[in-house]
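Undergrad: Have a look at this one before I ask anything.
In our numbering, the protein residues as written are 27 to 198.
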């Protein structure tokens, strides 16, 4: 948690930088991104490693992180995809949103989250420091599980996934 990450205002304008631990301890709004990997009516999701500083053991999108100070989203997204998934694939930004959540341990996620989508069906190599399990899940099955078991998913995924699913299911 020592990376210097980018602080922003509610319009995603940079306001400074700080280390990740400080941002989460003080609840400072910072830039983040979430990558959704899909193919043939299914989404690749990961169960976060239980050693993560928050949300360990919860299901979420295939890759999520923060750009570092001085790093663009265009550079940060493929870097983290390779670090977390062992591959990079062309992405498109779908939307962004701001959320804030206080965890039981007092850490605060307050993020301006840019949501990216890629269609990928090749090999992957999950980083065990990031994820303890991955699986492909059908869009409809995921939508139903989010409805009936929301506590099994990260807070940002509960916001972003329905919008991604809506866009994908409407395209079918």
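By construction, the Cβ of each residue, glycine as well, lies at the ideal position given by its N, Cα and C atoms.
Rounded to a whole number of angstroms, what is the C-alpha to C-alpha distance between residue 110 and residue 89?
TA: Cα to Cα, residue 110 sits roughly 7 Å from residue 89.
Undergrad: Tell whether a beta-carbon distance below 9 Å holds between residue 64 and residue 172.
TA: Not closer than 9 Å, so no.
Undergrad: Would DSSP call residue 27 helix, strand or coil?
TA: In this predicted model, residue 27 has a pLDDT of only 45, less than 50, meaning its place in the structure is not dependable enough to derive any value.
Undergrad: Express the C-alpha separation of residue 68 and residue 162 in angstroms, rounding to a whole number.
TA: The straight-line gap from Cα to Cα measures roughly 6 Å.
Undergrad: With three or more beta-carbon pairs closer than 8 Å as the criterion, would you say the region 115-133 touches the region 73-88?
TA: Yes, since at least three Cβ pairs between the region 115-133 and the region 73-88 fall closer than 8 Å, the two stretches touch.
Undergrad: Quick one, which of 174, 145 and 192 has its alpha-carbon nearest residue 70's?
TA: Checked all of 174, 145 and 192; the closest Cα to residue 70 is 145.
Undergrad: List the whole-angstrom C-beta distance separating residue 139 from residue 59, where the pair is believed to meet the contact cut-off of C-beta under 8 Å.
TA: Contact holds; Cβ gap of about 7 Å.
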